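Please read the structure below before turning to the comments.
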Amino acid sequence: MKTSRHIFLVFLFSIGLKTLDFILDERAREMFAEENRRLTLMRTGTLIERAKINTDSSIKGTISGLNPRINLLPIPLSEIQRNKDVKWENNPGYN
1 MKTSRHIFLV
11 FLFSIGLKTL
21 DFILDERARE
31 MFAEENRRLT
41 LMRTGTLIER
51 AKINTDSSIK
61 GTISGLNPRI
71 NLLPIPLSEI
81 QRNKDVKWEN
91 NPGYN
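The opening residue of the sequence shown carries number 1 in the UniProt record's numbering; numbering runs sequentially from there.
Put into structure tokens, the structure is as follows:
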């Protein structure tokens, strides 16, 4: 019983991943120049993966210089200044 439930959950998870890929591809086509694609890919955790996939075929998957830091943005200085009671630590790489 547990095995069949486990297989079903793995199946649902794989469907979810395929659905996310489909949605991201569809948004790229339908909303070209209407949304900030980088923020969408950052939010879904797929920015680095998609940057490696969508390159020139001669260098596919070999982009250097991409690291997890590009998934983060700095905390705006205006927010830090506005909230003086909070001990802020900016995201890594934005100190």
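Ideal Cβ positions, reconstructed from N, Cα and C, are used throughout, including at glycine. These numbers come from a predicted model, not from an experiment.
Minimum C-alpha distance to residue i - residue among the options
i	options	result
Gly93	Arg38, Leu72, Lys87	Leu72
Thr46	Phe32, Ala33, Phe22	Phe22
Euclidean distance between Cα positions of residue i and residue j
i	j	result
Met1	Leu20	Per-residue confidence for Met1 stands at a pLDDT of 49, beneath the threshold of 50, marking its modelled position as unreliable; the derived number appears in the next sentence. One C-alpha to the other measures close to 29 Å.
Glu34	Arg43	17 Å
Lys84	Ser78	11 Å
Ile53	Trp88	35 Å
Asp95	Ile80	Note that residue 95 is Asn in the sequence shown, not Asp. Their backbone Cα atoms lie some 12 Å apart in a straight line.
Ile48	Arg38	10 Å
Asp25	Lys18	11 Å
Phe32	Val86	38 Å
Arg82	Arg50	36 Å
Check whether residue i and residue j have beta carbons under 8 Å apart
i	j	result
Arg29	Thr40	no
Ile70	Asn90	no
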